[in-house]
Amino acid sequence: MAEKKSKSLWDAKIIRRALVDSLVKLDPRTMMKNPVMFVVEVGSVVTTLLLLRERQSFAFNLQITLWLWFTVLFANFAEAMAEGRGKAQADTLRKARSETQAKRLLPNGWTETVPSAKLRAGDVVQVTAGEFVPGDGEVIEGVASVDESAITGESAPVIREAGGDRSAVTGGTRVLSDVIKVRITSNPGETFLDRMIALVEGAERQKTPNEIALNILLAGLTIIFLLAVVTLQPFAIYSGSPQTVFVLVSLLVCLIPTTIGGLLSAIGIAGMDRLVQHNVLAMSGRAVEAAGDVNTLLLDKTGTITLGNRQAAEFIPAPGITTAEMADAAQLSSLADETPEGRSIVVLAKERYALRGRELASHEAVFVPFTAQTRMSGVNLDGREIRKGAVDAITKYLHQFGTVLPREIQASVEQISRSGGTPLVVAENQRALGVIYLKDIVKGGMRERFNQLRSMGIKTVMITGDNPLTAAAIAREAGVDDFLAEATPKDKMDLIRREQGAGKLVAMTGDGTNDAPALAQADVGVAMNTGTQAAKEAGNMVDLDSNPTKLIEVVAIGKQLLMTRGALTTFSIANDVAKYFAIIPAMFAGTFPVLNALNIMHLQTPESAILSAVIFNALIIIALIPLALRGVAYKPMSAESLLRQNLLVYGFGGLIVPFIGIKLIDLLITGVKLV
Numbered sequence: 014m015a016e017k018k019s020k021s022l023w024d025a026k027i028i029r030r031a032l033v034d035s036l037v038k039l040d041p042r043t044m045m046k047n048p049v050m051f052v053v054e055v056g057s058v059v060t061t062l063l064l065l066r067e068r069q070s071f072a073f074n075l076q077i078t079l080w081l082w083f084t085v086l087f088a089n090f091a092e093a094m095a096e097g098r099g100k101a102q103a104d105t106l107r108k109a110r111s112e113t114q115a116k117r118l119l120p121n122g123w124t125e126t127v128p129s130a131k132l133r134a135g136d137v138v139q140v141t142a143g144e145f146v147p148g149d150g151e152v153i154e155g156v157a158s159v160d161e162s163a164i165t166g167e168s169a170p171v172i173r174e175a176g177g178d179r180s181a182v183t184g185g186t187r188v189l190s191d192v193i194k195v196r197i198t199s200n201p202g203e204t205f206l207d208r209m210i211a212l213v214e215g216a217e218r219q220k221t222p223n224e225i226a227l228n229i230l231l232a233g234l235t236i237i238f239l240l241a242v243v244t245l246q247p248f249a250i251y252s253g254s255p256q257t258v259f260v261l262v263s264l265l266v267c268l269i270p271t272t273i274g275g276l277l278s279a280i281g282i283a284g285m286d287r288l289v290q291h292n293v294l295a296m297s298g299r300a301v302e303a304a305g306d307v308n309t310l311l312l313d314k315t316g317t318i319t320l321g322n323r324q325a326a327e328f329i330p331a332p333g334i335t336t337a338e339m340a341d342a343a344q345l346s347s348l349a350d351e352t353p354e355g356r357s358i359v360v361l362a363k364e365r366y367a368l369r370g371r372e373l374a375s376h377e378a379v380f381v382p383f384t385a386q387t388r389m390s391g392v393n394l395d396g397r398e399i400r401k402g403a404v405d406a407i408t409k410y411l412h413q414f415g416t417v418l419p420r421e422i423q424a425s426v427e428q429i430s431r432s433g434g435t436p437l438v439v440a441e442n443q444r445a446l447g448v449i450y451l452k453d454i455v456k457g458g459m460r461e462r463f464n465q466l467r468s469m470g471i472k473t474v475m476i477t478g479d480n481p482l483t484a485a486a487i488a489r490e491a492g493v494d495d496f497l498a499e500a501t502p503k504d505k506m507d508l509i510r511r512e513q514g515a516g517k518l519v520a521m522t523g524d525g526t527n528d529a530p531a532l533a534q535a536d537v538g539v540a541m542n543t544g545t546q547a548a549k550e551a552g553n554m555v556d557l558d559s560n561p562t563k564l565i566e567v568v569a570i571g572k573q574l575l576m577t578r579g580a581l582t583t584f585s586i587a588n589d590v591a592k593y594f595a596i597i598p599a600m601f602a603g604t605f606p607v608l609n610a611l612n613i614m615h616l617q618t619p620e621s622a623i624l625s626a627v628i629f630n631a632l633i634i635i636a637l638i639p640l641a642l643r644g645v646a647y648k649p650m651s652a653e654s655l656l657r658q659n660l661l662v663y664g665f666g667g668l669i670v671p672f673i674g675i676k677l678i679d680l681l682i683t684g685v686k687l688v
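So the sequence shown is numbered by our numbering: it starts at 14 and just counts up by one.
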């Protein structure tokens, strides 16, 4: 994976596009958005104009001017590289957006064929196997297998059906089987794919509050150093060593935080790009940044913490019934049950009691399907009437025949509920045989992941519709910090508001219409792409893979963004301090020999010191582009440990690297007699 990312970082097409864009970005209206680099561009223009009329020290002044322009271009190149990766992904997405013909349903029941561009929100279309979905919409009739690889990159098809939380379809995906009717939910140019393209290109990217605050800080430092350099000239004149405009501009550019100023936009864009690489679409940079500061994480139990399908774990027979008899009846009642729970009952009976699936055609078996009204299913064969279902459903069924659940079975039901399981009762010929213990299987490694989040200072809360006893057992096994049982949409909203009222940032994931209010309220709301349109519009991120556990990766990427920005800011400021002590002594050592004691690098001449610093200032931006785009390697740690690491690695490195780099450049340029 690392090798793949490394190759994509320096992709030839992206580099060619970035080189062109770095020139286009020289437009002052664009440069003004970055105050630090705008000052560098103004300085470059000033030195260029002076160069045209002054001939004294022309070679030195020319080199200074060229390296100033290179500094601006390298900063633009860093931003263009980050944007270029998004544009390359947008080009791939555009291939999925093609003009297709749609079968629009008319009020009289007939269909007419129209171009997809003529479809409007509210139109209903019919899509059959082999055809492309002409626009974003929701399935209102039918069920079909859909290939969404053009959008998500996943080759496995997904099921889309009317009703529920898996009814949303995306324009450009292809139906593989059956026939569905789709109600279009977007107008041309407003589709989900159009929004994806605009977002990954960075066209709609807005600066985050943290980024704005950092820009203000950088602008403040720029003003301070501008005043310092301006007031330095009178001192230089007084001391008898006046400095040229070229030297003063060079000094200003070296002292202001050009390193982080040149990389700041690239860091923000790269953060959104890393999410796209994980198939998560962030609607704004603000959402990515908020993910890095999340304090509370809300996760649905089913499909996120657990596998989502309950599995049969044990057969508990009633008194006087053998386990084998109980298993036999449970398996017979489940042979026609295609649900994951039903299949797991058949498998458990086969593996534990060697009961193979039987051919029931010759027995004239009559299967009783599960319905929401009866809440039970079963089979009638050879005079046996076997039923399997929820406890209250079987209790009601037995009550019709004047029988009740034995106390031992009731005790087993209570024990299963307390342990977090789901009990199903099996009855034969109006007599309870025992209980099937269905268990929510917690995904492997979840406890370790929650421990990791805890070490990051993030509180995890499991959201479930289960009763408190079941919820407590699952929460204990999974290792979450807290849980919300029997949760309603209002309960979720209230929980989020309580956390936010305590000054915390909250993230949650959801896919249903009932999740939409909470997704909108959360600071980071990750909606599943398989979810409803309401959920996707309410969240500020969409997971194209519809993997709820990816919220953990989203938080890690957000923290990586903040860590990268903090690390490079620390490096940049330390870098500027080092350049100050490298340049000033060399500049004035001729006038004040005592300053030679501070010229610890023994730079050859004031001119070589200035030129070396300007060259280093430009090259360090290029050197740090890979780090800005890939991000600082993230490891869970406390804020204190993170600050200590930044100061030791990037703070100390920012002090040492300029001394080494400037000295090497000084030796090189004096060796080849550039000054």
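Ideal placement from N, C-alpha and C gives every residue a C-beta, glycine not left out.
Which of helix, strand or coil DSSP assigns to residue i
| i | result |
| --- | --- |
| T271 | helix |
| D556 | strand |
| Y647 | coil |
| M469 | coil |
| A115 | strand |
| P128 | strand |
| A216 | Note that A216 scores a pLDDT of 46, beneath 50, so its modelled location is shaky; the value from the coordinates is reported in the next line. In the structure shown, A216 sits in coil (DSSP, three-state: anything other than H, G, I, E or B). |
| G176 | coil |
| R365 | helix |
| R68 | coil |
| G202 | coil |
| R29 | helix |
| V360 | helix |
| V266 | helix |
| A591 | helix |
| Q76 | helix |
| V670 | helix |
| I280 | helix |
| V688 | coil |
Anticipated Cβ contact below 8 Å, residue i with residue j, distance rounded
| i | j | result |
| --- | --- | --- |
| A547 | G523 | Not really, about 10 Å apart at Cβ, beyond 8 Å. |
| T754 | A134 | Outside the modelled stretch of the chain, which goes from 14 to 688, sits residue 754, for which no answer is possible. |
| N553 | M296 | 5 Å |
| L624 | V688 | 6 Å |
| A641 | L581 | 7 Å |
| S278 | N47 | 7 Å |
| L276 | V49 | About 11 Å; that fails the 8 Å criterion. |
Proximity to residue i [Cα-Cα], best of the options
| i | options | result |
| --- | --- | --- |
| D160 | I282, V152, V171 and V519 | V171 |
| T352 | G571, D558 and Q324 | Q324 |
| P502 | Q443, K517 and A533 | A533 |
| I596 | G402, F629 and I565 | F629 |
| E154 | G233, M339 and G176 | G176 |
| F584 | Y647, G525, F665 and C267 | F665 |
| V438 | A303, L264, V138 and R388 | R388 |
| I318 | K100, K194, M44 and I454 | I454 |
| T618 | A646, D679, L660 and R299 | D679 |
| L677 | D495, L632, R462 and K38 | L632 |
| L86 | R68, R299, T336 and M44 | M44 |
| S347 | A337, F380, F51 and R365 | F380 |
Beta bridge counterpart(s) of residue i as assigned by DSSP
| i | result |
| --- | --- |
| N393 | V379 and E398 |
| V159 | V171 and V188 |
| E441 | I399 and R444 |
| D313 | I476 |
| T141 | V192 |
| L642 | Its beta-bridge partners do not exist; DSSP assigns none. |
| A88 | A88 pairs with nothing; no bridge assigned. |
| F496 | M475 |
| P436 | Y450 |
| A300 | Beta-bridge pairing links A300 to no other residue. |
Task: Given 8 Å, three or more beta-carbon pairs between the region 669-677 and the region 309-316 - done: Contact between the region 669-677 and the region 309-316 is absent: fewer than three C-beta pairs spanning the two stretches fall below 8 Å.
TODO: Indicate whether the contact test is met: 3 or more Cβ pairs, each with one atom in the region 488-496 and one in the region 466-478, closer than 8 Å.
DONE: Two segments are said to touch when three or more pairs of C-beta atoms, one from each, lie closer than 8 Å; by this definition the region 488-496 touches the region 466-478.
Task: Contact between the region 87-95 and the region 112-122 (3+ Cβ pairs under 8 Å) - done: The answer is no - the region 112-122 does not touch the region 87-95, with fewer than three Cβ pairs under 8 Å.
Open item on the list: Under 8 Å: do the region 235-246 and the region 53-68 share three or more Cβ pairs, one atom per stretch?
Closed with: They do not touch, by the three-pair rule.
Open item on the list: With three or more beta-carbon pairs closer than 8 Å as the criterion, would you say the region 334-342 touches the region 549-568?
Closed with: They do not touch, by the three-pair rule.
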